[in-house]
Amino acid sequence: MKDFTYVLPKDAAEAARAAAAPNCALKGAGTDLVDRMKEGVTRPDTVVNLLTATDLRSPIREENGRIVMGGATTLAEVAESALIRKVAPGFADAAAEAATPQIRNRGTVAGNLCQRPRCWYFRNDTYACSKKGGETCYSIEGENKYHAIFENVTCNIVHPSNLAPILQVLGGTLHVVTANGTDVVASDVAVKDFWVRPEEDISRENILVAGQVVREVSFPIPQGMTGSSYVETREKASFDWALTSCAAALTLDGGKIASASVVLSSVAPTPLQLEAVEKWLVGKAPSDALFREAGTKATDGATPMRDNAYKITLTAVVVRRALSAAAARATGGGK
Amino acid sequence: MGGHAEEGKGSVSRRGFLKSAGVAAAATSLIDDAKKAMEPVGPAPAAAVRGETEIRFKLNGKETVAKVPPSMTLLELLRERLDMTGTKQVCDRGACGACTVHLDGRTVNSCLLLAMDATGRDVTTVEGLAVGDRLHPVQQGFVEEDAMQCGFCTPGMVMSCAALLAKNPAPTRAECAEGISGNICRCGTYLNIFRAMDRASALAKGGK
Ligand SMILES: Cc1cc2nc3c(=O)[nH]c(=O)nc-3n(C[C@H](O)[C@H](O)[C@H](O)COP(=O)(O)OP(=O)(O)OC[C@H]3O[C@@H](n4cnc5c(N)ncnc54)[C@H](O)[C@@H]3O)c2cc1C
Ligand code: SF4
Ligand code: FES
Ligand code: FES
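Order-wise, the sequence lines are chains X and C.
Numbering-wise, our numbering comes out as the position in the first sequence, counting from 1, plus 23.
Numbering-wise, our numbering comes out as the position in the second sequence, counting from 1, plus 163.
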């Protein structure tokens, strides 16, 4: 690993100012960044350690009808939070199923949302692929078993974050600070508007630019008979990256689905909001048959590559399971 | 923080956000130029270090002082500078668990932890589990149940098992499997490890 200047800011404002420096990387726990630095894929001259910024460590709490937490809250803290388990068990599940106990003990919520893709060509310094400024996407002709089956046009990565789809389903918000010279301004961005598709800018996965730090993350506490869930499939029963994943929230009223939010992940470069499926579900009574059909509908328009057509079946499976779990939690009075 | 209590209030549209971010970035370089011309302005920059830097932390209960460059991992510090080779390096990427140590009582991959991030913290390695000649119940369990073959994964496994036992004195098989899900054993000793955990649990309760 190349040596670097290590900045130890006391808060997000200091971090954002420092991060406006050229060739600078923000670091939460570093479970993604340090990996990329060892591979030589990312070679920063300056690293800003967000773990010393105290406002990024603000506790998980209820505030004005929302659940709010510092951006450096760990995945383990989310998984173990009684408050999150109570109001949004899908969020707790997504954190609990991510990575390994060791990674969850360190990895942060903001770092999880901003982690770079796992495409093996991207992670390998010897491949100068399109995402790294080259001319070719090696996954098109190469090994694409774990790549996208939707929106796979110019870069076929899948979004790697477990928290992304569930936070989007819950209507989450990222509270960002931006350095503007020595001034620092705060702004909010909805999770659903956070992602950047490869066709918009192949070099990045979200809208953050140099000098911006996610200080806090929040979502509104689900109201009424609402249930949320996160379900994934993987190759190994112990830790593994998801092959397909789905987050869902259903609100029931009078035995019918009053509103639905369904987001697929691990199958496209960004989390995918299934608006057509959501619309189709509203007004219908929850049932196994309904959710099975929703699963099939969710695969409409898939464009699998040579080695990943299996993801179509596994997409239908996660959608069905996520909807069933969300409905069960909604009727169970759980959230 | 205020400003995000209500949806919409204080929030910006995606396009607006992208635009203002671009403006902010442009403004930054202008201001940087201006700053060079008439320093000093604005708040003091954040603390920063470069090159060999002294850190202090507790290692197996002992106050420890070491000099490390920011790019050094805790694993490298332990093995290469402090001669603590019990902690193993295998994948060096957070994926195998061989380098597992406890940071303030919780398991972490020391290969992904910058040594500087251990500043002021409590680090326990496999060398720190036994009390004098008395093995930790997990170590005793591993010995009695023959829970290793080549032994390369063992220090990390033992650290994950010890952390699990501290949290959960009588874990089920499923809880054990979850507890060691971040540790890979190429020799496939998992069943013996589960038995070792049962044994450790009994030993920790004072059973014989
Ligand atoms: C073996 C292994 C298995 C894994 N399995 C899974 C899995 O199944 N599911 C899953 O979701 N993840 C998985 N992960 C990824 C892991 O969850 C992430 O690496 C971790 O959550 C990242 O958090 P961090 O604090 O370490 O981020 P860092 O490595 O510190 O940062 C990651 C990125 O986010 C940026 N960043 C960090 N914090 C902020 C902030 N506050 N504001 C702006 N930008 C920021 C950094 O600049 C960097 O680019 C796995 C990782 C490993 C090593
Ligand atoms: S999928 Fe994206 S990251 Fe992977 S090789 Fe293609 S362009 Fe590069
Ligand atoms: S060596 Fe650290 S996890 Fe493999
Ligand atoms: S005993 Fe050989 S790797 Fe586990």
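Heads up, the beta-carbon is just placed ideally off N, CA and C, and yes, glycines get one too.
These numbers were taken from a predicted model, which means no experiment stands behind them.
- Message: Between Gly357 of chain X and chain C, is any beta-carbon pair separated by less than 8 angstroms?
- Response: Within the first sequence, residue 357 of chain X is the residue found at index 334, counting from 1. The pLDDT assigned to Gly357 of chain X is 49, lower than 50, so where the model puts this residue is not dependable, and the model offers no usable value.
- Task: Please report the Cβ distance between Cys350 of chain C and Cys313 of chain C, rounded to the nearest whole angstrom; I am assuming they are in contact, meaning their Cβ atoms lie under 8 angstroms.
- Result: Translated into positions along the second sequence, residue 350 of chain C becomes position 187. Translated into positions along the second sequence, residue 313 of chain C becomes position 150. Indeed they touch by this definition, with Cβ atoms about 5 angstroms apart.
- Task: Would you tell me roughly how many angstroms separate the C-alpha atoms of Val253 of chain C and Ala350 of chain X, rounded to the nearest one?
- Result: Against the second sequence, residue 253 of chain C aligns to sequence position 90. Against the first sequence, residue 350 of chain X aligns to sequence position 327. Rounded to the nearest angstrom, the two C-alpha atoms are 44 angstroms apart.
- Task: Could you tell me if the beta carbon of Gln138 of chain X falls within a distance shorter than 7 angstroms of some heavy atom in ligand 3?
- Result: In the first sequence, the residue the question calls residue 138 of chain X occupies position 115. For Gln138 of chain X, the shortest separation between its Cβ and any heavy atom of ligand 3 does not lie below 7 angstroms.
- Query: Leaving out five residues before and five after Ala39 of chain X in sequence, what residues of the same chain have Cβ atoms less than 8 angstroms from its Cβ?
  - Reply: Here residue 39 of chain X refers to the residue found at position 16 of the first sequence. The residues are Val200, Thr201, Ala202, Val207, Gly234, Gln235 and Val236.
- Message: Distance cutoff 8 angstroms, beta carbons only. Does Pro334 of chain C sit that close to anything in chain X?
- Response: On the second sequence, position 171 is the one that residue 334 of chain C refers to. No, its Cβ sits nowhere closer than 8 angstroms to a Cβ of chain X.
- Task: With DSSP collapsed to three states, give me the class of Arg84 of chain X.
- Result: In the first sequence, counting from the first residue as 1, residue 84 of chain X sits at position 61. Strand, per DSSP.
- Message: Using a 10 Å radius around the Cβ and a threshold of 16 neighbouring Cβ atoms, would you call Gln246 of chain X buried or exposed?
- Response: Here residue 246 of chain X refers to the residue found at position 223 when the first sequence is read from its first residue. With fewer than 16 other Cβ atoms within 10 Å, it is exposed.
- Task: Compare the C-beta of Asp148 of chain X with all C-beta atoms of chain C and state if any pair is closer than 8 angstroms.
- Result: Translated into positions along the first sequence, residue 148 of chain X becomes position 125. Output row for Asp148 of chain X: interface = no.
- Query: Around the C-beta of Lys279 of chain X, are 16 or more other C-beta atoms found within 10 angstroms, so that it is buried, or is it exposed?
  - Reply: Sequence index remark: in the first sequence, residue 279 of chain X carries index 256 (1-based). With fewer than 16 Cβ atoms within 10 Å of its Cβ, Lys279 of chain X is classed as exposed.
- Leu186 of chain X to Asn135 of chain X, Cα distance in whole Å? Mapped onto the first sequence, residue 186 of chain X falls at position 163. Mapped onto the first sequence, residue 135 of chain X falls at position 112. Within the model, the alpha-carbon separation for Leu186 of chain X versus Asn135 of chain X is close to 7 angstroms.
- Query: Using a beta-carbon distance cut-off of less than 7 angstroms, what residues from the region 201-222 of chain C approach chain X?
  - Reply: Taking 7 angstroms as the Cβ-Cβ cut-off against chain X, the residues of the region 201-222 of chain C that qualify are Val204, Gly205, Pro206, Pro208, Ala209, Ala210, Ala211, Val212 and Arg213.
- Task: Indicate whether at least one CB of chain X lies closer than 8 angstroms to the CB of Gly342 of chain C.
- Result: As a first step, residue 342 of chain C is located in the second sequence; it is residue number 179 there, counting from the start. Yes, because at least one Cβ of chain X sits closer than 8 angstroms to the Cβ of Gly342 of chain C.
- Measure the alpha-carbon distance for Gln196 of chain X versus Thr288 of chain C and round it to whole angstroms. Position 173 of the first sequence, counted from the first residue, corresponds to residue 196 of chain X. Position 125 of the second sequence, counted from the first residue, corresponds to residue 288 of chain C. The sequence shown places Thr at residue 196 of chain X, rather than the Gln named in the question. Those two C-alpha atoms are separated by around 39 angstroms.
- Task: Write down every uninterrupted run of the beta strand (DSSP E) in the region 280-354 of chain X whose length is 3 residues or greater and which is fully enclosed by it, in chain order.
- Result: Restricting attention to beta strand (DSSP E) runs no shorter than 3 residues, the region 280-354 of chain X encloses none.
- Query: What residues match up with Val301 of chain C in a beta bridge as DSSP calls it?
  - Reply: Along the second sequence, read from residue 1 onward, the residue named residue 301 of chain C stands at position 138. Residue pairing from DSSP leaves Val301 of chain C without any beta-bridge partner.
- Is it buried or exposed for Ala329 of chain C, if we count other Cβ within 10 angstroms and need 16 for buried? In the second sequence, the residue the question calls residue 329 of chain C occupies position 166. Label assigned to Ala329 of chain C: exposed.
- Query: To the nearest whole angstrom, what separates the beta carbons of Asn272 of chain C and Gln125 of chain X, a pair I think is in contact under 8 angstroms?
  - Reply: Walking along the second sequence from the start, residue 272 of chain C turns up at place 109. Walking along the first sequence from the start, residue 125 of chain X turns up at place 102. A Cβ-Cβ distance of about 5 angstroms is found for the pair Asn272 of chain C and Gln125 of chain X, placing them in contact under the 8 angstroms criterion.
- Message: For Phe262 of chain X, which residues in the same chain have their Cβ closer than 7 angstroms to its Cβ, ignoring the five residues on either side in sequence?
- Response: Counting from 1 along the first sequence, the entry for residue 262 of chain X is found at position 239. Around Phe262 of chain X: Ala122 and Thr123.
- Got a sec: which bits of the region 275-304 of chain C sit with their beta carbon under 8 angstroms from any beta carbon on chain X, in order along the chain? Cβ contacts with chain X come from Leu275, Leu276, Leu277, Met279 and Asp280.
- How long is the line joining the alpha carbons of Gly291 of chain C and Gly51 of chain X, rounded to whole angstroms? Working through the second sequence from its first residue, we reach residue 291 of chain C at position 128. Working through the first sequence from its first residue, we reach residue 51 of chain X at position 28. Roughly 28 angstroms separates the two Cα atoms.
- Task: Just the chain B side, please: which residues come within less than 8 angstroms of Arg256 of chain C by C-beta, in chain order?
- Result: Looking for chain B here will not work: the only protein chains present are X and C.
- Message: Taking the beta strand (DSSP E) that Arg238 of chain X belongs to, which residues open and close that run?
- Response: Here residue 238 of chain X refers to the residue found at position 215 of the first sequence. Arg238 of chain X -> beta strand (DSSP E) spans Gln235 to Pro243.
- Is it a yes or a no for the region 283-295 of chain X touching the region 148-158 of chain X, going by three-plus beta-carbon pairs under 8 angstroms? Taking 8 angstroms as the limit for Cβ pairs, the verdict is that the region 148-158 of chain X does not touch the region 283-295 of chain X.
- Query: With which residues is Leu277 of chain C paired in a DSSP beta bridge?
  - Reply: Walking along the second sequence from the start, residue 277 of chain C turns up at place 114. Under DSSP, Leu277 of chain C forms a beta bridge with C:Thr236.
- Answer with buried or exposed for Lys334 of chain X, where buried requires no fewer than 16 other C-beta atoms within 10 angstroms of its C-beta. Here residue 334 of chain X corresponds to residue number 311 of the first sequence, with the count starting at 1. Here Lys334 of chain X is buried: its Cβ has 16 or more other Cβ atoms, across all protein chains shown, within 10 Å.
- Is it the case that the CB of Asp55 of chain X approaches a heavy atom of ligand 1 more closely than 7 angstroms? Within the first sequence, numbered from 1, the residue matching residue 55 of chain X stands at position 32. Yes; taking the cut-off as 7 angstroms, the Cβ of Asp55 of chain X has a heavy atom of ligand 1 nearer than that.
- Query: Should Gly342 of chain C be labelled buried (16 or more other beta-carbon atoms within 10 Å of its own) or exposed?
  - Reply: Stepping through the second sequence from its first residue, residue 342 of chain C is reached at position 179. With 16 or more other CB atoms across the displayed protein chains lying within 10 angstroms of its CB, Gly342 of chain C is buried.
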